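*Asks:* In this text, residue positions in the sequence shown follow my numbering: the first is 978, and each later residue adds one.
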Amino acid sequence: MSARSPRRTAAMCALLVAATGLTACNGLTPGGGTKSAATSGPVSTALPTGNATLTVVSSENAGTTKALAEAFHAKHPNITVDFQYTGPDDYDKSLNLKLSSDNAPDLALLNKLGTTVKGNLVRDLDPYTRAYGWDTKYPSSQLDQWRASDDGKQLGTGHLWAAPAGFSVVGVYYNKEIAAKLGIGVPKTRAEFEAALAKAKAAGELPVQLGNLQGHSSFVVQSIVDSVDGAAKTGDWVNGKQGSTVDTRGGADAATTLSDWAKKGYLPEGANGTDLPGSVAAFTKGSGLFLFDGSWDAQVIDKAAPGKVGFLPFPGADAASKATGIGTSVAYAIPAKSKNPDLAAAFLDFMNTPEAAQIQFSTGFLPVAHADQVKAPANSVMNEVTAAWGKVNTDNGLVNFFANTDATMNDTLTSQGQQLIGGKTTPDAYLAALQADWLKGHQ
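(1) Can you tell me which of the three DSSP states Ala1044 falls into?
(2) Is it the case that the stretch 1321 to 1331 contacts the stretch 1130 to 1145, given that we only count it when at least three CB pairs across the two stretches are under 8 Å?
(3) By the three-class DSSP mapping on this structure, what secondary structure does Asn1377 have?
(4) Need the endpoints of the alpha helix (DSSP H) that Gly1227 sits in, please.
(5) Can you look up Tyr1109 in the DSSP assignment and give me helix, strand or coil?
(6) Where does Ala1294 land, buried or exposed, given buried means 16+ other C-beta within 10 angstroms?
(7) I'd like to check one pair, Ile1278 with Val1215: are the Cβ atoms closer than 8 Å?
(8) Starting from Pro1331 and walking both ways along the beta strand (DSSP E), at which residues does that stretch end?
(9) Run through DSSP, which three-state label would Leu1074 get?
(10) What does the alpha-carbon distance come out to for the pair Tyr1109 and Tyr1151?
(11) Looking only at C-alpha atoms, which of Phe1378, Ala1353, Val1345 and Thr1391 sits nearest to His1371?
(12) If you draw a straight line from the C-alpha of Asn1097 to the C-alpha of Lys1089, how long is it?
(13) Is the stretch 1380 to 1400 in contact with the stretch 1190 to 1202, if contact means three or more CB pairs nearer than 8 Å?
(14) Measuring CB atoms only, is the stretch 1051 to 1059 touching the stretch 1018 to 1034, in the sense that at least three cross pairs come out at less than 8 Å?
(15) On the criterion of 16 or more Cβ atoms from any shown chain inside 10 Å, does Ala1413 qualify as buried, or is it exposed?
(16) Compare the C-alpha of Leu1159 against each of Arg1167, Ala1175, Gln1219 and Val1146 and name the closest.
(17) For Asp1067 and Asn1038, I'd like the C-alpha separation in whole angstroms.
(18) If you draw a straight line from the C-alpha of Asp1203 to the C-alpha of Thr1106, how long is it?
(19) Rounding to the nearest angstrom, what Cα-Cα distance links Ala1208 and Asp1121 in this structure?
(20) Where does Pro1104 fall in DSSP's three states?
(21) Suppose you measure from the CA of Asp1128 to the CA of Thr1211; what does that come to, to the nearest Å?
(22) Return yes when the Cβ of Val1223 is within less than 8 Å of the Cβ of Leu1411, no when it is not.
(23) Could you tell me if Lys1417 is buried or exposed, where buried requires 16 or more neighbouring beta carbons within 10 angstroms of its beta carbon?
(24) Using the beta-carbon count (16 or more within 10 Å), is Ala1177 buried or exposed?
(25) Under 8 Å between the Cβ atoms of Thr1225 and Asp1206?
(26) Classify Lys1314: buried if its beta carbon has 16 or more other beta carbons within 10 angstroms, exposed otherwise.
(27) What residues match up with Phe934 in a beta bridge as DSSP calls it?
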């Protein structure tokens, strides 16, 4: 499934591959390294007064980092940011060699943490977190995706190794015209959401548009699990915390719900043969009251159905429930051999400013912070996406993609989701298969 790379572009590959030790885009070549003196000692938030050059390497091609670099230079004319783009395949294959060389860059986009952390190739950012107050500027669920133990095996805890530069979030798009025609308001609770599905079905409308050829039924499943079990508990499972399980109250609810929706005809008949772009196209043409999808498709949806679509976080048990959302970020690390680590950290801190937020937003990502200050056209669904993103951050509710928990979970989610929708497996067996995969991946 393309949860990690919905459009299979370098930008989305960088964005949606999680901070696991794995990657759906080509894996990084393991590289050697020794503990560098650059990873210890005092740090400074002072910028150089003379001319300086900051070297940034990346496979992000949406223009976000390049635009951020230009804005940083405009603010600090004595600092030149040398942005070096490499296509994702070559970038991933050569990154560890670049990080371990004597001419290492000052910042590098990371698609994963495992080998770079284990090989001592990137710098522990905890001193900069304290110096800049990042632990108070960011919700912990944002930063925890880029934390890992020193051996790179335990994620979500330990030192911070990279800082975010732009996010995605998965939620629920809804067709405003269908909702208005049927007298359906924006659901604020799970019960209201289920009632909307039943009302749409009774009126002859498709309740949920879905393309499951690549396993995107996992968006439905995880949205329910996140909502019922909470972000912290679900995040532990995604991060591989020992003793975690997906066979929880939320897991049982989610698997049973997906099975029930299929039996009730709430999903398209050809869901298992339709990919995500196909389901988006059908949705924008009026097929489906709801669509579980990510912010990366907002611009496509806006263009095809301007002013006709809204967006919301999947609702909880009641209106006071904490908002949750599936998502991850583009993130940059400071190589251990960087010659300008303090300057690199200043650039990372710049990514948390209102100016940077608008750049991130305008180039297709959700802002690291200051979501309430970014602007989109009045009728754009991005305004509702941004509002939902703000709620998720306020409630510290971001959870990494299930597909990113280990190397084979993507395939398991796809095959098991297709079987569950097709009536060829049970909710219990579905959960057992996911947990068996997880156990193999986190031994």
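Note that the Cβ used here is the ideal one computed from N, Cα and C, for glycine as well. Quick caveat, the model's predicted, so the values are computed rather than measured.
*Replies:* In brief:
(1) As a working mapping, residue 1044 is identified with position 67 in the sequence shown. If DSSP states are grouped into helix, strand and coil, Ala1044 belongs with the helices.
(2) As far as the Cβ criterion goes, the stretch 1130 to 1145 touches the stretch 1321 to 1331, which means the pair count is three or higher.
(3) For the purposes of this step, residue 1377 is taken as the residue at position 400 of the sequence shown. Asn1377: coil per DSSP, three-state reduction.
(4) Position 250 of the sequence shown, counted from the start, is the residue given in the question as residue 1227. Arg1226 to Lys1240 is the span of the alpha helix (DSSP H), which, as asked, contains Gly1227.
(5) Locating residue 1109 in the sequence shown gives position 132, where the first residue counts as 1. Tyr1109: helix per DSSP, three-state reduction.
(6) Counting from one through the sequence shown, the residue named residue 1294 turns up at place 317. Flag for Ala1294 reads exposed.
(7) Looking up residue 1215 in the sequence shown gives position 238. Looking up residue 1278 in the sequence shown gives position 301. Result no, Cβ atoms of Val1215 and Ile1278 do not sit closer than 8 Å.
(8) As a first step, residue 1331 must be located in the sequence shown, where it is residue number 354. Segment Pro1331 to Ser1339 is the alpha helix (DSSP H) holding Pro1331; no beta strand (DSSP E) there.
(9) For the purposes of this step, residue 1074 is taken as residue 97 along the sequence shown, with counting starting at 1. Here Leu1074 sits in helix by DSSP.
(10) Here the question's residue 1109 lines up with position 132 in the sequence shown. Here the question's residue 1151 lines up with position 174 in the sequence shown. Their Cα atoms are separated by approximately 39 Å.
(11) Translated into positions along the sequence shown, residue 1371 becomes position 394. Here the sequence assigns Thr to residue 1371, which means His is not the residue at that position. Out of Phe1378, Ala1353, Val1345 and Thr1391, Val1345 has the C-alpha closest to the C-alpha of Thr1371.
(12) Sequence index remark: in the sequence shown, residue 1097 carries index 120 (1-based). Sequence index remark: in the sequence shown, residue 1089 carries index 112 (1-based). Straight through space, the alpha carbons of Lys1089 and Asn1097 are spaced by roughly 14 Å.
(13) Yes: at least three Cβ pairs fall under 8 Å.
(14) Counting Cβ pairs under 8 Å, three or more are found: they touch.
(15) Along the sequence shown, read from residue 1 onward, the residue named residue 1413 stands at position 436. Exposed, by the Cβ-count rule.
(16) Translated into positions along the sequence shown, residue 1159 becomes position 182. For Leu1159, the closest C-alpha among the options Arg1167, Ala1175, Gln1219 and Val1146 is that of Ala1175.
(17) Mapped onto the sequence shown, residue 1067 falls at position 90. Mapped onto the sequence shown, residue 1038 falls at position 61. Annotation: Asp1067 to Asn1038 spans about 14 Å, alpha carbon to alpha carbon.
(18) Here residue 1203 refers to the residue found at position 226 of the sequence shown. Here residue 1106 refers to the residue found at position 129 of the sequence shown. The alpha-carbon atoms of Asp1203 and Thr1106 are separated by roughly 27 Å.
(19) The count along the sequence shown starts at 1 and reaches residue 1208 at position 231. The count along the sequence shown starts at 1 and reaches residue 1121 at position 144. Whole-angstrom Cα-Cα distance: 12 Å.
(20) For the purposes of this step, residue 1104 is taken as residue 127 along the sequence shown, with counting starting at 1. Judged by DSSP in its simplified three-state form, Pro1104 adopts helix.
(21) Position 151 of the sequence shown holds residue 1128. Position 234 of the sequence shown holds residue 1211. The alpha-carbon atoms of Asp1128 and Thr1211 are separated by roughly 23 Å.
(22) Looking up residue 1411 in the sequence shown gives position 434. Looking up residue 1223 in the sequence shown gives position 246. Cβ atoms of Leu1411 and Val1223: closer than 8 Å.
(23) Indexing the sequence shown from 1 puts residue 1417 at position 440. Taking all protein chains shown into account, Lys1417 has fewer than 16 neighbouring C-beta atoms within 10 Å of its C-beta and is therefore exposed.
(24) What you label residue 1177 is simply residue 200 of the sequence shown in a count that begins at 1. Taking all protein chains shown into account, Ala1177 has 16 or more neighbouring C-beta atoms within 10 Å of its C-beta and is therefore buried.
(25) Position 248 of the sequence shown, counted from the first residue, corresponds to residue 1225. Position 229 of the sequence shown, counted from the first residue, corresponds to residue 1206. Going by C-beta atoms, Thr1225 is nearer than 8 Å to Asp1206.
(26) In the sequence shown, counting from the first residue as 1, residue 1314 sits at position 337. The residue in question, Lys1314, is buried, as its Cβ has 16 or more Cβ neighbours within 10 Å.
(27) The chain is shown from 978 up to 1420; residue 934 falls before or after that span and cannot be answered.
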